[in-house]
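Heads up: the protein sequence lines correspond to chains E and G, in order.
For what it's worth, this note's numbering labels the leading residue of the first sequence as 932, then goes sequentially.
For what it's worth, this note's numbering labels the leading residue of the second sequence as 956, then goes sequentially.
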Amino acid sequence: MSDEDVTQHAAQDVIERLSRAARVDLLVVANMVEPQSRVLDVGCGDGTLLRLLAEERGVDARGIELSQRGVNDCVAKGLSVVQGDADTDLADYPDNAFDYVILSQTLQATRQPRKVLEHMLRIGRHAIVSFPNFGHWRIRTQIAMKGRMPITENLKYYWYETPNIHFCTIRDFVTLVEVMDAKIEGGVALDRFGAPMLVNAPWWVWNLFGDQAVFRLTREAKVPMMK
Amino acid sequence: MTIIQNSKAVSQLEADAPHSHVVRFDAAQPLKMDAGVALSPLSIAYQTYGTLNADKSNAILICHALTGDQHVANIHPVTGKPGWWQIMVGPGRPIDTDRYFVIASNVLGGCMGTTGPASLNPASGRAYGLDLPLVTIRDMVRAQAMLIDYLGIDTLFGVIGGSMGGMQVLQWAASYPERVFSAMPIATAAKHSSQNIAFHEVGRQAIMADPEWRNGCYLDFATSPTKGLAVARMAAHITYLSDEALQRKFGRKLQDRAAPTFSFSADFQIENYLRYQGASFVDRFDANSYLYVTRACDYFDLADDYNGTLALAFKGTKTRFCVVSFSSDWLYPTSASRAIVHALNAAGASVSFVDIESDRGHDAFLLEVPEFFATTRGFLDAAARARGLPSVEGKR
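The following block contains the structure:
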């Protein structure tokens, strides 16, 4: 193999790993959803997850997406998608309208993550949230050793242009859930290849080695969420 | 199709003998109007494009805006210009007449062949004038439903319309939910705002202040309040455009002159443009009809029929909705469309919503806006799959 071949091979490998990672992320989310349920995907992009859910699980799939292109892609797929913003437009949805409200890889880009989560738990019986873990050792290392804001494969923006304004670690997220009187029904941490990590691993292992996390939440029965 | 040369008589020529299909309902089938009157006889002038399929499942009703008409995709019999939505409706267009059977009728109260104030009142032998009861959006939709019944169509595959046409779409979805498979209300609102009513009132007052209006009986005197109607159109036309579009097109540019004339002639291009819009409008539109259709919009408040809760208008609906607004439309702004989407969500309806980025104001829905066309095509394609309509490729 020539050097060029090696480089090309490595690039191909990365692409495959990334696409596999993306798919695993979506599959993990999809597996948390009961068939035939009503689902709202907040920040649904081009509708890949919604379509997966509609076709594989027979769910009534709805979405919210900010970009016109994304909305048009979804509408062309026959999905019911509304152009809107997680920060401002979730307030328009009535209580208990959905079984699941999904927010994948978007929480860190919202202006008011807590408000968004509260709305999700108000609108849906369950909320499913996936987010990049800022507590991953590579990120910690970049700050600790280089003294620079971290840039990784999945978080590739410079600090001054990133849309991600509210990063959190897995621990931070769990703490917020506790503060909100919500309940974690299930969770998975994915390593940087998108593979689910050991379920029984203690929190600190997830927080250190988890590249991203997916949690399914529900509101505690008797506690009103919106104050 | 011949183009009418004598434009002065247009309001009566097209009103009583339109260049369209016409269906006439006699005393056995009166139209029950909101004003409490049973109207009969009733004429509905309409155009169709494409072919109705065997199980009558591919019909799309297009509802026209305030001063539009049934001539959606053919040369207009009065102006000689292309139909008002010819870029959207036709073979291979987003509303593809190779695939769908498109129906467009002139609204009740209009002046292009459907019963309106310029139509002959058989009781008096003269034009109705103000003797026609006031028309509502609901009345317009009831009349359309009579046409759809007459055509033997049970369920419309789609009801599509912008502006006042969008109000009819919403009314269709609320009044006949089981007859509407998919609905596209475009650049519209579920109720007329105070500002909307205000602009319409300016137009009506301009018409009624013209001495030639003659208390609405001008047709009896073979005259017409053309000055008032032109001013009404000029004022309304401003509301159809955005400030940005006006700046870009006209700015402060002068009309065929190097310097202002220090007079009240049309020094500025924008003045000249508006005067032209006003003057050409009176050739094709009846002044009383303008009073009636603007009033119909003003009275429109869909939620009012449902204890003030718009969501109740769509309770349990199975219709697939695609709501479209345009970012620079200040006549029926994005917020008005969002209110519709909000209600549809609250009703658990299947709804998509797109706010199309455009600087061309309310009129954008009549123009070639690629994103809007893509949305329309995509929404209808998906609805057609859900309805089991064959694709065009299969048909050819």
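Idealized CB from N, CA, C, for every residue including glycine.
All figures in this text were calculated on a predicted structure; none of them were measured in a lab.
Any beta-carbon of chain E closer than 8 Å to the one on residue i?
| i | result |
| --- | --- |
| G1303 (chain G) | yes |
| S1346 (chain G) | no |
| E969 (chain G) | no |
| R1342 (chain G) | no |
| T1330 (chain G) | yes |
| A1337 (chain G) | yes |
| D1051 (chain G) | no |
| E1353 (chain G) | Past the boundaries of the shown model lies residue 1353 (chain G); chain G is included only from 956 to 1351, so the question cannot be answered. |
| F1308 (chain G) | yes |
| G1333 (chain G) | yes |
| N1262 (chain G) | no |
| E1226 (chain G) | no |
Would you mind sorting residue i into buried or exposed? The rule is 16 or more other CB atoms within 10 Å of its CB.
| i | result |
| --- | --- |
| V1006 (chain E) | buried |
| S1079 (chain G) | exposed |
| Q1143 (chain E) | buried |
| T1072 (chain E) | exposed |
| P1032 (chain G) | buried |
| Q1150 (chain G) | exposed |
| N1061 (chain G) | buried |
| Q1043 (chain E) | exposed |
| W1137 (chain E) | buried |
| N1170 (chain G) | exposed |
| S1305 (chain G) | buried |
| F1056 (chain G) | buried |
| Q1202 (chain G) | exposed |
| M1076 (chain E) | exposed |
| R1188 (chain G) | buried |
| F1218 (chain G) | Residue 1218 (chain G) is actually Ser in this sequence, not Phe. Counting Cβ neighbours within 10 Å, S1218 (chain G) comes out exposed, since fewer than 16 surround it. |
| Q967 (chain E) | exposed |
| E996 (chain E) | buried |
| K1087 (chain E) | exposed |
| S1137 (chain G) | buried |
Measure the CB-CB distance between residue i and residue j and report whether it falls below 8 Å.
| i | j | result |
| --- | --- | --- |
| F1029 (chain E) | L971 (chain E) | yes |
| C975 (chain E) | G989 (chain E) | no |
| L1148 (chain E) | V1108 (chain E) | yes |
| A1185 (chain G) | G1158 (chain G) | no |
| W1039 (chain G) | L1321 (chain G) | yes |
| Q1041 (chain G) | A1028 (chain G) | yes |
| G1113 (chain G) | I1141 (chain G) | no |
| I1096 (chain E) | G1066 (chain E) | no |
| L1102 (chain G) | V978 (chain G) | yes |
| G1045 (chain G) | Y1247 (chain G) | no |
| Q999 (chain E) | Q1014 (chain E) | yes |
| R969 (chain G) | G1068 (chain G) | Before going further, note that residue 969 (chain G) is Glu rather than Arg in the sequence given. Yes, the pair counts as a contact, with Cβ atoms nearer than the cut-off. |
| F1205 (chain G) | Y1228 (chain G) | yes |
Counting only C-beta atoms, is residue i closer than 8 Å to chain G at any point?
| i | result |
| --- | --- |
| S1011 (chain E) | yes |
| D1018 (chain E) | no |
| A985 (chain E) | no |
| V990 (chain E) | no |
| W999 (chain E) | According to the sequence provided, residue 999 (chain E) is Gln. The question's Trp does not apply to it. It does: the Cβ of Q999 (chain E) has a partner Cβ on chain G nearer than 8 Å. |
| D1023 (chain E) | yes |
| V1032 (chain E) | no |
So what's residue i in DSSP terms, helix, strand or just coil?
| i | result |
| --- | --- |
| C1252 (chain G) | helix |
| N1061 (chain G) | coil |
| K1046 (chain E) | helix |
| R1000 (chain E) | helix |
| D1310 (chain G) | strand |
| M1139 (chain G) | strand |
| A1302 (chain G) | coil |
| S1149 (chain G) | helix |
| D1104 (chain G) | helix |
| R1054 (chain G) | coil |
| L1358 (chain G) | With chain G covering only 956 through 1351, there is no way to say anything about residue 1358 (chain G). |
| F1328 (chain G) | helix |
| P1132 (chain G) | helix |
| V964 (chain E) | coil |
| A1339 (chain G) | helix |
| A1120 (chain E) | strand |
| S1292 (chain G) | helix |
| A1268 (chain G) | helix |
Extract the residue ranges of the alpha helix (DSSP H) inside the stretch 1051-1118 of chain E, only unbroken runs of 4 or more that lie entirely within it. If we require 4 residues or more, the alpha helix (DSSP H) runs fully inside the stretch 1051-1118 of chain E come out as 1068-1072 and 1101-1110.
Inside the stretch 1166-1252 of chain G only - alpha helix (DSSP H) runs reaching at least 4 residues: Correct list: 1181-1195, 1198-1204 and 1224-1236.
I'd like the ranges of any alpha helix (DSSP H) spanning at least 4 consecutive residues and lying wholly in the stretch 973-1045 of chain E. Within the stretch 973-1045 of chain E, the alpha helix (DSSP H) runs of at least 4 residues that lie entirely inside it are, in chain order, 979-988, 999-1007 and 1017-1020.
What are the start and end residues of each continuous alpha helix (DSSP H) run of 4 or more residues lying completely inside the stretch 961-1032 of chain G, in chain order? Listed in chain order, the complete alpha helix (DSSP H) runs (minimum 4 residues) inside the stretch 961-1032 of chain G are 965-971.
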